[in-house]
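A.B. asks: Residue numbers for the sequence shown follow our numbering, beginning at 280 and rising by one. To start, I am sharing the structure in question, which I have written as structure tokens.
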Amino acid sequence: MSAEGPPRGANRAPSGGSAAAKPQAWGDHPADVAQFDVVVIGAGPGGYVAAIRAAQLGFATACIDEWTRDGGKPALGGTCTNVGCIPSKALLQSSENYALAGHAFAEHGIEIGGLAMNVATMLARKNKVVAQNNDGIAYLFRKNKVAFFHGRGAFAGKDGDRWSISVDGPAPASLAARHVIIATGSAPRALPGVAFDNVRVLDNAGALAIPDVPKRLGVIGAGVVGLEMGSVWRRLGADVTILEALPVFLGAADEAVAKEAQKQLAKQGIAIRLGVTIAAVRTGTGEVGVDYTDAAGKTQSATFDRLIVSIGRVPFTSGLGAANVGLALDARGFIAVDAECRTNLANVFAIGDVVRGPMLAHKAEDEGVAVAERLAGQQGHVDFNTIPWVIYTSPEIAWVGRTEQQLRSDGVAYRSGSFPFAANGRARALGDTTGFVKILADAATDRVLGVHVIGPWASELIAEGVMAMEFGASSEDIARICHAHPTLSEATREAALAVDKRTLNL
Ligand SMILES: Cc1cc2nc3c(=O)[nH]c(=O)nc-3n(C[C@H](O)[C@H](O)[C@H](O)COP(=O)(O)OP(=O)(O)OC[C@H]3O[C@@H](n4cnc5c(N)ncnc54)[C@H](O)[C@@H]3O)c2cc1C
Numbered sequence: 280m281s282a283e284g285p286p287r288g289a290n291r292a293p294s295g296g297s298a299a300a301k302p303q304a305w306g307d308h309p310a311d312v313a314q315f316d317v318v319v320i321g322a323g324p325g326g327y328v329a330a331i332r333a334a335q336l337g338f339a340t341a342c343i344d345e346w347t348r349d350g351g352k353p354a355l356g357g358t359c360t361n362v363g364c365i366p367s368k369a370l371l372q373s374s375e376n377y378a379l380a381g382h383a384f385a386e387h388g389i390e391i392g393g394l395a396m397n398v399a400t401m402l403a404r405k406n407k408v409v410a411q412n413n414d415g416i417a418y419l420f421r422k423n424k425v426a427f428f429h430g431r432g433a434f435a436g437k438d439g440d441r442w443s444i445s446v447d448g449p450a451p452a453s454l455a456a457r458h459v460i461i462a463t464g465s466a467p468r469a470l471p472g473v474a475f476d477n478v479r480v481l482d483n484a485g486a487l488a489i490p491d492v493p494k495r496l497g498v499i500g501a502g503v504v505g506l507e508m509g510s511v512w513r514r515l516g517a518d519v520t521i522l523e524a525l526p527v528f529l530g531a532a533d534e535a536v537a538k539e540a541q542k543q544l545a546k547q548g549i550a551i552r553l554g555v556t557i558a559a560v561r562t563g564t565g566e567v568g569v570d571y572t573d574a575a576g577k578t579q580s581a582t583f584d585r586l587i588v589s590i591g592r593v594p595f596t597s598g599l600g601a602a603n604v605g606l607a608l609d610a611r612g613f614i615a616v617d618a619e620c621r622t623n624l625a626n627v628f629a630i631g632d633v634v635r636g637p638m639l640a641h642k643a644e645d646e647g648v649a650v651a652e653r654l655a656g657q658q659g660h661v662d663f664n665t666i667p668w669v670i671y672t673s674p675e676i677a678w679v680g681r682t683e684q685q686l687r688s689d690g691v692a693y694r695s696g697s698f699p700f701a702a703n704g705r706a707r708a709l710g711d712t713t714g715f716v717k718i719l720a721d722a723a724t725d726r727v728l729g730v731h732v733i734g735p736w737a738s739e740l741i742a743e744g745v746m747a748m749e750f751g752a753s754s755e756d757i758a759r760i761c762h763a764h765p766t767l768s769e770a771t772r773e774a775a776l777a778v779d780k781r782t783l784n785l
């Protein structure tokens, strides 16, 4: 094991796997060094997608990842698959089903007696969903002939134009490659002086594995992870209090969306305290106490059964051997890259959470594809202006492009159109009429500058907004496109009509 840090993974048992495909050895190289065109370090959404795309383009490709699950097997898919996107959505779905059964089924005439939540079954299902995704990536590696090495990858040096990479695991290996793509991801940020124990003070992995519904759950940080995890456990009956340092709720979202979200979450019983400064976190008594100063400057104290700390994530470069080869990091510890993900080292690229930009799985994937395509002489490109954001609360929140407050501060003249789901037939049939679609378009050219959705299936509806912006559509283009009836997407068309003040159904 590397001296620079422990291996990552839900299960920190020694890893048992090794290369899934036979590495090639050719040219004038030591026979025990496996030669590749491309070595990818990290098999999260950035790394595994980069490896598959590189292999599709004809490169001899290897991918190294150290995440380990029960039984010492590799757990491909990184944070996203193991303790991020996938398990959180599994728990959100289970808890949403429970909430619907408790509160919404009756009006459909569905009467349920003795409704109960079996948390162990819910967690087992979540683990199964994760394992299916782990296995799916292993299958994709075999299908695309990506050689997989289970263990920690580290730069060992350079031999001619080839980077030497060591794999530190139960089956140690030495690899060499002309190109290296670093996709080592991120790790949860802890509060200064408050270590995660994943019993009382939980990071994202702990928040996804709470064995029973806590009576009092504290969440520090009202970002995406805090809101989603708070929602899961609130729906299951926990008293949830979210403490947020910023004075504004969901400042990154459009202000109208943020206002509606805050209203709806408060209605669900989630207490959100803004402008809070944490003074101390006390553990060790079977509970966790939090002392803080509230927005008015008053000293407050709260006691919880469990506390989720979701105050962001930090880039993960521990054990990568960055110093061995002079890989440059920026002041915040991210690997320094240019707009095309090039590091300061020749033929070494970095993508995903370990570099600047939004910490989102689809951003990592798209950077992985773009880098692989550039290696093949193609024109891979990621447009940060059209990366969608989604928060899977109820109601869901999704947006792409600029918010109304950003357009104002950028001095852009714009027109805005909104349409509420309350006036949408499909939403009424669903029994979920919360929220709206809002479209912002350039006042002069009508080009769509932002699309903001809060409401049912916002996560899916936003794809139309992304498509429109990618194609440089105007709001009139969206308004002229035939949308199936009855669908939630008709609200998007109506919002586009509203930009021109001519809705048909409002
Ligand atoms: C609770 C939660 C929910 C989230 N939900 C969403 C969501 O709904 N949608 C979304 O877009 N994003 C979501 N995210 C963010 C998303 O998970 C990350 O943006 C994404 O996983 C980043 O991908 P990555 O490939 O850069 O890194 P990671 O997924 O972090 O993968 C990095 C991999 O590299 C491995 N590794 C690191 N160093 C080494 C080394 N030296 N040798 C070998 N292996 C190494 C790690 O073990 C890991 O497997 C969520 C995050 C959390 C925590």
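Ideal Cβ placement from N, Cα and C applies to all residues, glycine included.
Which runs of the beta strand (DSSP E) fall wholly inside the stretch 543-606 and span at least 3 residues, in chain order?
C.D. replies: Segments of the beta strand (DSSP E) lying fully in the stretch 543-606: 550-552, 556-561, 567-572, 578-583, 585-588 and 592-594.
A.B. asks: The alpha helix (DSSP H) with LYS405 in it runs from where to where?
C.D. replies: Unbroken alpha helix (DSSP H) run through LYS405: 398-423.
A.B. asks: Comparing C-alpha positions only, which one of VAL567, ARG592, LEU336 and THR578 sits nearest to ASP584?
C.D. replies: ASP584 has its Cα closest to that of VAL567, out of VAL567, ARG592, LEU336 and THR578.
A.B. asks: For ILE666, tell me which candidate among GLY500, VAL492 and LYS642 has the shortest Cα-Cα distance.
C.D. replies: Minimum Cα distance to ILE666 is reached at LYS642.
A.B. asks: Just the C-alpha distance for ALA651 and ALA677, rounded to the nearest angstrom, thanks.
C.D. replies: The straight-line gap from Cα to Cα measures roughly 29 Å.
A.B. asks: So, are the CB atoms of ALA452 and GLY647 less than 8 Å apart?
C.D. replies: Contact: no.
A.B. asks: Which same chain residues end up closer than 6 Å to ILE549 when comparing Cβ atoms and leaving out the 5 residues on each side of it in sequence?
C.D. replies: Closer than 6 Å at the Cβ level, and outside the excluded window around ILE549, lie GLY509, ARG513 and VAL519.
A.B. asks: Pick from GLU683, ALA313 and GLY696: whose alpha carbon is nearest that of ALA537?
C.D. replies: It is GLU683.
A.B. asks: Measure the Cβ-Cβ separation of PHE698 and PRO735 and say whether it is below 8 Å.
C.D. replies: Against a cut-off of 8 Å, the Cβ pair of PRO735 and PHE698 comes out as no contact.
A.B. asks: Please name the residue in THR771, THR672, ASP779 and ALA747 whose C-alpha comes closest to that of LYS546.
C.D. replies: Ranking THR771, THR672, ASP779 and ALA747 by Cα distance to LYS546 puts THR672 first.
A.B. asks: Are at least three pairs of beta-carbons, each pair with one atom in the stretch 394-402 and one in the stretch 563-578, less than 8 Å apart?
C.D. replies: These segments do not touch.
A.B. asks: Is the distance from the Cβ of ALA517 to the Cβ of LYS494 below 8 Å?
C.D. replies: Cβ distance < 8 Å, so ALA517 and LYS494 count as in contact.
A.B. asks: Put HIS458 into one of helix, strand or coil per three-state DSSP.
C.D. replies: Three-state result, HIS458: strand.
A.B. asks: Taking Cβ positions, are HIS660 and ASP533 nearer each other than 8 Å?
C.D. replies: The answer is no: Cβ separation not under 8 Å.
A.B. asks: Please classify PRO324: does DSSP put it in a helix, a strand, or coil?
C.D. replies: In this structure, PRO324 counts as helix in the three-state DSSP scheme.
A.B. asks: Looking only at C-alpha atoms, which of GLN335, GLY356, VAL503 and VAL319 sits nearest to GLY432?
C.D. replies: Checking every option, the nearest Cα to that of GLY432 belongs to VAL319.
A.B. asks: If I follow the unbroken beta strand (DSSP E) through THR771, where does it start and stop?
C.D. replies: No beta strand (DSSP E) contains THR771, which is instead part of the alpha helix (DSSP H) from 769-778.
A.B. asks: Going residue by residue through the stretch 619-682, where are the continuous beta strand (DSSP E) segments of at least 3 residues, counting only ones entirely within it?
C.D. replies: Runs of the beta strand (DSSP E) inside the stretch 619-682: 627-629, 668-670 and 675-680.
A.B. asks: Taking contact to mean at least 3 C-beta pairs separated by less than 8 Å, is the stretch 422-437 in contact with the stretch 343-354?
C.D. replies: A contact exists between the stretch 422-437 and the stretch 343-354.
A.B. asks: Locate the alpha helix (DSSP H) running through LYS494, then write down its first and last residues.
C.D. replies: First-last for LYS494: undefined, no H or E at that position.
A.B. asks: Note the first and the last residue of the continuous alpha helix (DSSP H) segment covering LEU522.
C.D. replies: Per DSSP, LEU522 belongs to no alpha helix (DSSP H); it is in the beta strand (DSSP E), 518-522.
A.B. asks: Quick check: the stretch 478-490 against the stretch 357-367, are there 3 or more CB pairs under 8 Å?
C.D. replies: They touch, by the three-pair rule.
A.B. asks: Report buried or exposed for ARG611, applying the criterion of at least 16 other Cβ atoms within 10 angstroms of its Cβ.
C.D. replies: Exposed: under 16 other Cβ atoms inside 10 Å.
A.B. asks: Checking 8 Å against the spacing of the C-beta atoms, do ARG332 and PRO467 come in under that value?
C.D. replies: The answer is no: Cβ separation not under 8 Å.
A.B. asks: DSSP on ARG726, reduced to helix/strand/coil?
C.D. replies: Three-state DSSP puts ARG726 in a strand.
A.B. asks: Can you tell me the Cβ-Cβ gap for ALA774 and ILE718, rounded? I've got them flagged as a contact below 8 Å.
C.D. replies: About 5 Å separates the two Cβ atoms, so the contact holds.
A.B. asks: Which stretch, first to last residue, makes up the beta strand (DSSP E) that contains THR340?
C.D. replies: 340-344 is the span of the beta strand (DSSP E), which, as asked, contains THR340.
A.B. asks: Rounded to whole angstroms, how far is the Cβ of VAL492 from the Cβ of THR562, which I believe are closer than 8 Å?
C.D. replies: Not confirmed; about 20 Å, so no contact.
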